[in-house]
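So the structure is just underneath, and the comments pick up after that.
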Amino acid sequence: MANGSSGRGRFGQLGFIFAAVGSAIGLGNIWKFPYITYANDGGSFVLVYLLAIALIGLPIMMAELVIGRRTRQSPVGAFLKAAKNTVGGRAWGAVGALGVTGSFILLSYYALIAGWTVYYFGQCLSWSVRGVAVQDQALGESFGAFLANGPLQIGFHLLFMAVTVGVVALGVREGIERVTKLLMPVLGAILILLVVNSFWSPGFGEAMRFLFHIGPITADGLLEAVGHAFFTLSVGMGAMLTYGSYMTSRQSIPRSAVAISLLDTLIAIMACIIMFSIIFSVDAAERATTFGKSATILFTTLPRMFYEMPLGVVLAPMFYLLVGFAALTSTISLLETVASYLIDRRGFSRRKACLVTGGAIFAFGIPSALSLGASGALSAFAPFGERAEGFFSTMDYTVSNWILPLGGLLMALFFGWFLSSRESRAELAEGHGDVSRWFFIWRGVLLRFVCPIAILWIIWAVIGGRSFA
Ligand code: PHE
Numbered sequence: 414m415a416n417g418s419s420g421r422g423r424f425g426q427l428g429f430i431f432a433a434v435g436s437a438i439g440l441g442n443i444w445k446f447p448y449i450t451y452a453n454d455g456g457s458f459v460l461v462y463l464l465a466i467a468l469i470g471l472p473i474m475m476a477e478l479v480i481g482r483r484t485r486q487s488p489v490g491a492f493l494k495a496a497k498n499t500v501g502g503r504a505w506g507a508v509g510a511l512g513v514t515g516s517f518i519l520l521s522y523y524a525l526i527a528g529w530t531v532y533y534f535g536q537c538l539s540w541s542v543r544g545v546a547v548q549d550q551a552l553g554e555s556f557g558a559f560l561a562n563g564p565l566q567i568g569f570h571l572l573f574m575a576v577t578v579g580v581v582a583l584g585v586r587e588g589i590e591r592v593t594k595l596l597m598p599v600l601g602a603i604l605i606l607l608v609v610n611s612f613w614s615p616g617f618g619e620a621m622r623f624l625f626h627i628g629p630i631t632a633d634g635l636l637e638a639v640g641h642a643f644f645t646l647s648v649g650m651g652a653m654l655t656y657g658s659y660m661t662s663r664q665s666i667p668r669s670a671v672a673i674s675l676l677d678t679l680i681a682i683m684a685c686i687i688m689f690s691i692i693f694s695v696d697a698a699e700r701a702t703t704f705g706k707s708a709t710i711l712f713t714t715l716p717r718m719f720y721e722m723p724l725g726v727v728l729a730p731m732f733y734l735l736v737g738f739a740a741l742t743s744t745i746s747l748l749e750t751v752a753s754y755l756i757d758r759r760g761f762s763r764r765k766a767c768l769v770t771g772g773a774i775f776a777f778g779i780p781s782a783l784s785l786g787a788s789g790a791l792s793a794f795a796p797f798g799e800r801a802e803g804f805f806s807t808m809d810y811t812v813s814n815w816i817l818p819l820g821g822l823l824m825a826l827f828f829g830w831f832l833s834s835r836e837s838r839a840e841l842a843e844g845h846g847d848v849s850r851w852f853f854i855w856r857g858v859l860l861r862f863v864c865p866i867a868i869l870w871i872i873w874a875v876i877g878g879r880s881f882a
């Protein structure tokens with residue numbers, strides 16, 4: 414079972430790490446994490462998030478990699494194959510289908526936001542060259558106008574999808590591995606540069622205090638931290654499973670998963686240092702009016718702040734390039750998850766699978782693109798009422814609040830209670846060696862109890878009307 418379908422691609426060891434880290438690091442780290450940390454008052458929220466990564470995200474990531482590599486299949490086939498002799502049998506295929514559907518929906522609006530970073534990269538380049546004074550009000554207005562411009566929204570969405578399709582169509586090794594190996598070091602270098610630069614910013618000290626102080630945390634903050642742990646590690650939707658199916662058997666799953674989680678966390682914290690050093694450089698009164706809980710500061714206030722910094726003309730475009738690269742290595746993994754379903758289960762060639770799924774995802778993203786101001790009807794689309802208004806928010810709500818937690822829950826239950834421990838233990842030991850010291854904690858404690866209970870708590874809150882960004 415471990416070495417079937419040799420015609421499928423295979424990552425090199427380092428290539429796998431780059432690709433998986435690339436999937437994990439994305440808009441979630443550089444955009445979402447800083448803003449939810451800010452909204453939840455830093456400190457304790459960060460601590461809970463670290464715990465959620467270690468106790469919930471990491472164990473489920475290992476589970477996904479185990480099932481992917483064991484079966485050498487994309488999500489649906491993987492669950493069908495792994496569940497053959499377990500209670501429930503073929504019904505477990507639905508967990509894979511849920512993941513593929515979730516990846517499809519997520520990519521349809523993720524690529525849209527990713528397109529904004531390309532647009533802002535271009536904007537910053539032109540501001541840097543022309544040397545114009547960038548002002549808050551003008552920035553807010555121009556962002557609003559950009560969102561409401563249907564053709565521009567669709568155009569940048571198309572651009573981002575086209576690049577993603579181009580990379581994935583080249584194959585696991587020639588496309589995904591090559592591109593992530595190229596982009597991730599660049600991304601790392603830009604990040605380090607920006608972090609080092611923030612050491613000199615007047616807000617640096619306060620940013621660090623904010624990030625690491627221990628203060629009160631709300632129940633909602635707790636849940637948000639757990640939910641974000643899934644999103645940021647790319648688990649719960651089969652993306653890690655799919656990458657795991659291309660991993661060599663010589664590589665250790667536990668060590669890889671720990672490395673991926675650590676790097677993902679490190680970069681999220683670095684992003685916070687960069688953003689907060691900028692934010693805390695302005696005085697408290699301005700901060701209160703400008704930063705509230707807004708998710709859009711990345712495009713409305715940050716550019717101006719960059720231009721107030723020394724070297725801002727260089728750093729501003731670099732920053733958007735960084736966010737764009739981070740997003741691209743994530744969209745690649747989402748498309749691979751969907752396309753590999755058609756390749757493995759429906760016999761499509763890789764090229765055709767990428768074009769078909771990429772085209773469908775692009776088309777499905779159009780209503781999201783038009784729901785940000787271009788079309789009143791799509792902005793008013795709200796089947797979940799106040800919890801999510803507009804097509805874009807409805808899709809985000811569906812994925813973040815339902816599909817990700819549900820997928821994670823079912824995976825934890827499958828591993829904790831259904832899949833024989835002999836199977837998972839054998840795969841974990843492959844390329845690693847003896848796992849008996851902690852195997853019980855992983856399967857018998859974390860996957861069996863801790864993960865399901867924490868996730869059920871989230872689902873309970875969502876049923877009760879809570880909505881997580
Ligand atoms: N982990 C990515 C991020 O942080 C998002 C993602 C989720 C990518 C699920 C793939 C699968 O932005």
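Counting from 414, one number per residue, gives the positions in the sequence shown under our numbering. Ideal placement from N, C-alpha and C gives every residue a C-beta, glycine not left out.
Between the options, which lies nearest to residue i when the distance is taken from Cα to Cα?
i, options, result
"Thr742", "Phe429, Phe424, Ile438 and Leu427", "Ile438"
"Ile886", "Pro472, Leu519, Gly502 and Ala504", "The question about residue 886 has no answer, for the chain in this structure spans 414 to 882."
"Trp529", "Leu596, Leu869, Phe712 and Arg421", "Phe712"
"Trp540", "Gly455, Arg717, Leu755 and Ser781", "Arg717"
"Glu721", "Ile692, Phe853 and Glu587", "Ile692"
"Ser880", "Ile774, Asp633 and Phe853", "Asp633"
"Leu624", "Arg861, Glu836 and Val459", "Val459"
"Gly553", "Gly846, Leu785 and Thr709", "Thr709"
"Pro730", "Leu791, Gly509, Gly846 and Val542", "Val542"
"Phe797", "Asn814, Ala787, Gly789 and Pro865", "Asn814"
"Ala740", "Ala527, Ala495, Leu464 and Leu427", "Ala527"
"Ile603", "Ile666, Ser833, Leu735 and Met688", "Leu735"
"Thr661", "His845, Trp873 and Phe852", "His845"
"Ala782", "Ser436, Glu799, Thr807 and Arg800", "Thr807"
"Lys594", "Arg622, Leu676 and Val434", "Val434"
"Lys497", "Phe831, Arg838 and Gly563", "Phe831"
Output yes or no for whether 8 Å exceeds the beta carbon distance between residue i and residue j.
i, j, result
"Gly628", "Ser457", "yes"
"Arg856", "Phe828", "yes"
"Ala867", "Ile473", "no"
"Tyr659", "Arg423", "yes"
"Ala681", "Phe446", "yes"
"Tyr533", "Tyr733", "yes"
"Asn610", "Leu728", "yes"
"Leu745", "Thr577", "The sequence as given places Ile at residue 745; Leu does not occur at that position. In this structure, Thr577 lies closer than 8 Å to Ile745 by Cβ."
"Val531", "Gly772", "no"
"Asn442", "Ile630", "no"
"Ile686", "Val751", "no"
"Gly778", "Ala575", "no"
"Glu836", "Met653", "no"
"Val812", "Gly515", "yes"
"Val599", "Ile589", "no"
"Glu840", "Arg483", "yes"
"Gly557", "Gly786", "yes"
"Ile466", "Thr678", "yes"
"Pro818", "Phe644", "no"
"Ser694", "Pro615", "yes"
"Leu571", "Phe775", "yes"
"Tyr754", "Val545", "no"
"Phe492", "Gly506", "yes"
"Ile872", "Leu823", "no"
If we require 4 or more residues per run, which alpha helix (DSSP H) segments fall completely within the segment 681-756? 697-704, 710-713 and 715-721
Every unbroken alpha helix (DSSP H) within the segment 601-640, with a cutoff of 4 residues, ordered by chain: 617-625
Inside the segment 456-489 only - alpha helix (DSSP H) runs reaching at least 4 residues: 457-465 and 471-484
Taking only runs that begin and end inside the segment 779-865, name each unbroken alpha helix (DSSP H) of 4 or more residues, in chain order. DSSP runs (the alpha helix (DSSP H)) wholly in the segment 779-865: 789-792, 804-810, 817-826 and 834-842.
Kindly provide the ranges of any alpha helix (DSSP H) runs that are 4 or more residues long and lie completely inside the segment 529-582, ordered along the chain. Restricting attention to alpha helix (DSSP H) runs no shorter than 4 residues, the segment 529-582 encloses them at 549-561 and 563-582, ordered along the chain.
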